[in-house]
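A.B. asks: To convert, count from 1 in the sequence shown and add 5; that's this note's numbering.
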Amino acid sequence: MQTILTATLILGGFGLVFGLVLGYASRKFAVRIDPKIEEVFEALPGTNCGACGFTGCMGFARATADGKISPDKCALIDEKGTKQISKILGGIKIKQKEKTKPVLICQKSSEQQKKFLYIGIQTCKAAMLLSGGNNSCDYGCLGFGDCLRICPFGAISFKEGLPVFEEDLCKMCGKCIEICPKNIIKLVPKNQEVYVACSNRDKGKDARAVCKVACIGCGVCLKVCPVDAITLEGNLAVIDPKKCTNCGECIKKCPTKAIVKQ
Numbered sequence: 006m007q008t009i010l011t012a013t014l015i016l017g018g019f020g021l022v023f024g025l026v027l028g029y030a031s032r033k034f035a036v037r038i039d040p041k042i043e044e045v046f047e048a049l050p051g052t053n054c055g056a057c058g059f060t061g062c063m064g065f066a067r068a069t070a071d072g073k074i075s076p077d078k079c080a081l082i083d084e085k086g087t088k089q090i091s092k093i094l095g096g097i098k099i100k101q102k103e104k105t106k107p108v109l110i111c112q113k114s115s116e117q118q119k120k121f122l123y124i125g126i127q128t129c130k131a132a133m134l135l136s137g138g139n140n141s142c143d144y145g146c147l148g149f150g151d152c153l154r155i156c157p158f159g160a161i162s163f164k165e166g167l168p169v170f171e172e173d174l175c176k177m178c179g180k181c182i183e184i185c186p187k188n189i190i191k192l193v194p195k196n197q198e199v200y201v202a203c204s205n206r207d208k209g210k211d212a213r214a215v216c217k218v219a220c221i222g223c224g225v226c227l228k229v230c231p232v233d234a235i236t237l238e239g240n241l242a243v244i245d246p247k248k249c250t251n252c253g254e255c256i257k258k259c260p261t262k263a264i265v266k267q
């Protein structure tokens, strides 16, 4: 009994000493955080999504307070948060972000064939390493869902082998854009309703051979556009959102239905 009591007292003594040492060390070597950084951090959304390139909101707050990055680089920050950070940083001018929405520049017709049977790792990134993927169209969506898995907000689902974006959930963080190996997910102005849902830049005959809804670069849309908002770039029609009035004349005349309205 005496031995147990002695051991208990010794352990308790050690605990007390270590506690005092740790308490002193925490005060002596504590890293003081600039109050400005803490204020910026509090104004951020706090989701730690990483879309800004930092590991979390605290890293972004430090860079912002140090003037290394503009607050508008946060994909999720709203106008209220932007104004609050501007005030914290002495009233600096912060450019308001343009309202955008995600679109998929591909429709991938149901008749589209596969170049070969792919049985490798079921990701777009892995499939891309093998001859650019197994799609007959070298520009189209591979459909393995890398974008769906990386979205931190659950804003992407799949329908008929293609990603569908839920605008109410999407925060325009851009992670799906970065991970897409085909570079076919784009952010367009919120008010842009008409766009070319194709990325194939091959000549018309070759494009049509692999996808029935591919842009064939025929130029009909250019001729019917009343505001000259469409140009051809590498056999692919491109719509200038600054000129487009969403009239839909190009949609009516497009022979392959490559131009859509959303």
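Glycine included, every Cβ here is placed at the ideal spot set by N, Cα and C.
(1) For Q127, tell me which candidate among Q118, V232 and N139 has the shortest Cα-Cα distance.
(2) Considering just the uninterrupted stretch of the alpha helix (DSSP H) at V45, what are its terminal residues?
(3) What runs of the alpha helix (DSSP H), each 4 residues or longer, lie entirely inside the stretch 200-263?
(4) For T250, count the other beta carbons within 10 Å of its own beta carbon; 16 or more makes it buried, fewer makes it exposed. Which is it?
(5) Could you pull the start and end residues of the alpha helix (DSSP H) that L153 belongs to?
(6) With DSSP as the reference, identify every bridge partner of P194, one or two as the case may be.
(7) Along the alpha helix (DSSP H) that carries G65, what are the first and last residues, could you check?
(8) According to the neighbour-count rule (16 or more other Cβ atoms, all chains shown, within 10 Å of its Cβ), is T69 buried or exposed?
(9) What residues are listed by DSSP as bridge partners for S162?
(10) Buried or exposed for G96, going by 16 or more other Cβ atoms inside 10 Å?
(11) In three-state DSSP terms, what is K266?
(12) Which residue from G148, K210, R206 and I190 puts its Cα closest to that of E238?
(13) Would DSSP call K119 helix, strand or coil?
C.D. replies: For this structure:
(1) Checked all of Q118, V232 and N139; the closest Cα to Q127 is N139.
(2) Per DSSP, V45 belongs to the alpha helix (DSSP H) from P40 to A48.
(3) Complete alpha helix (DSSP H) runs here, min 4: 209-215, 225-229 and 254-258.
(4) Counting other Cβ atoms within 10 Å of its Cβ, T250 stays below 16 and is therefore classed as exposed.
(5) Membership of L153 in the alpha helix (DSSP H) is indicated by the continuous run D151 to I155.
(6) Answer is T105, bridged to P194.
(7) Going by the sequence as given, residue 65 is Phe instead of Gly. Membership of F65 in the alpha helix (DSSP H) is indicated by the continuous run C62 to A70.
(8) Burial state of T69 is buried, judged by a 10 Å Cβ sphere holding 16 or more other Cβ atoms.
(9) Beta-bridge partners assigned by DSSP to S162: V169.
(10) So G96 ends up on the exposed side.
(11) In the structure shown, K266 falls within a strand segment according to DSSP collapsed to helix, strand and coil.
(12) Distances from the CA of E238 to each of G148, K210, R206 and I190 were compared; the closest alpha carbon is that of R206.
(13) In the structure shown, K119 falls within a strand segment according to DSSP collapsed to helix, strand and coil.
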